[in-house]
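**Student:**
Next up, the structure:
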C-alpha cells in the first residue's frame, strides 16, 4: 500500500471555490490500475496566514502504481486546468508520500 497526500494552503474566502474545483473535476482515478480511494480533507484555518488547510489523500496498491499514474495520460488530463486556479492558493501544494508500517 502507498498513501499519497498533497497539502494546500487556500486563501480565506476561497474555500467554496476550491471545493467546487475538486467536486467538478474529471479525476479519472477509477480508470487507473492500483487506485483504491480518494479523500479531500479540510483542516484548520490559520488566521495569521489568512489560509485554510486542505489535503488530498489517495490510497494506492503500491508506490509503483502511484508513480505510473503520475506518468499517465489520465494524470495529464486530470491536471490540464490546474493553472487556472492559482488565485485560490498561497504557495504550491506540498506532496507527502507514505508507506504503512503498521495497519489494524
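Numbering (my numbering), first residue to last: 22 to 125.
Heads up, the beta-carbon is just placed ideally off N, CA and C, and yes, glycines get one too.
To the nearest angstrom, how far is the alpha carbon of residue 66 from that of residue 60?
**Tutor:** As a working note, residue 66 is residue 45 in the chain shown. As a working note, residue 60 is residue 39 in the chain shown. The C-alpha of residue 66 lies about 19 angstroms from the C-alpha of residue 60.
**Student:** Can you tell me the Cα-Cα spacing of residue 57 and residue 108, whole angstroms?
**Tutor:** Taking the first residue of the chain shown as position 1, residue 57 is located at position 36. Taking the first residue of the chain shown as position 1, residue 108 is located at position 87. If you take the alpha carbons of residue 57 and residue 108, they lie about 30 angstroms apart.
**Student:** If you measure between the beta carbons of residue 86 and residue 23, is that distance less than 9 angstroms?
**Tutor:** In the chain shown, the residue the question calls residue 86 occupies position 65. In the chain shown, the residue the question calls residue 23 occupies position 2. Yes, the pair counts as a contact, with Cβ atoms nearer than the cut-off.
**Student:** Considering only the beta carbon of each residue, do residue 31 and residue 73 sit closer than 9 angstroms?
**Tutor:** The count along the chain shown starts at 1 and reaches residue 31 at position 10. The count along the chain shown starts at 1 and reaches residue 73 at position 52. Yes, the pair counts as a contact, with Cβ atoms nearer than the cut-off.
**Student:** Considering only the alpha carbon of each residue, which of 117, 106 and 122 lies closest to residue 41?
**Tutor:** On the chain shown, residue 41 is found 20 positions in, with the first residue counted as 1. Checking every option, the nearest Cα to that of residue 41 belongs to 106.
**Student:** Can you check whether the CB of residue 25 is closer than 9 angstroms to the CB of residue 119?
**Tutor:** Here residue 119 is taken as the residue at index 98 of the chain shown, counted from 1. Here residue 25 is taken as the residue at index 4 of the chain shown, counted from 1. Taking 9 angstroms as the cut-off, the beta carbon of residue 119 is found closer than this to the beta carbon of residue 25.
**Student:** Mind reading off the beta-carbon distance from residue 27 to residue 114? Whole number of angstroms is fine, and I expect it under 8 angstroms.
**Tutor:** What you label residue 27 is simply residue 6 of the chain shown in a count that begins at 1. What you label residue 114 is simply residue 93 of the chain shown in a count that begins at 1. Going by Cβ atoms, the distance from residue 27 to residue 114 rounds to 4 angstroms, so yes, they are a contact pair.
**Student:** Using the rule of at least 16 other Cβ atoms within 10 Å of the residue's Cβ for burial, across every protein chain shown, is residue 43 buried or exposed?
**Tutor:** Walking along the chain shown from the start, residue 43 turns up at place 22. Residue 43 is exposed by the Cβ-count criterion.
**Student:** Tell me residue 80's beta-bridge partners as DSSP assigns them.
**Tutor:** Taking the chain shown and counting its residues from 1, one reaches residue 80 at position 59. Residue 80 pairs with 24 and 58.
**Student:** Leaving out the 5 sequence neighbours to the left and right, which residues in its chain are closer than 8 angstroms to residue 83 when beta-carbon positions are compared?
**Tutor:** Position 62 of the chain shown holds residue 83. Result list for residue 83: 22, 23 and 55, in chain order.
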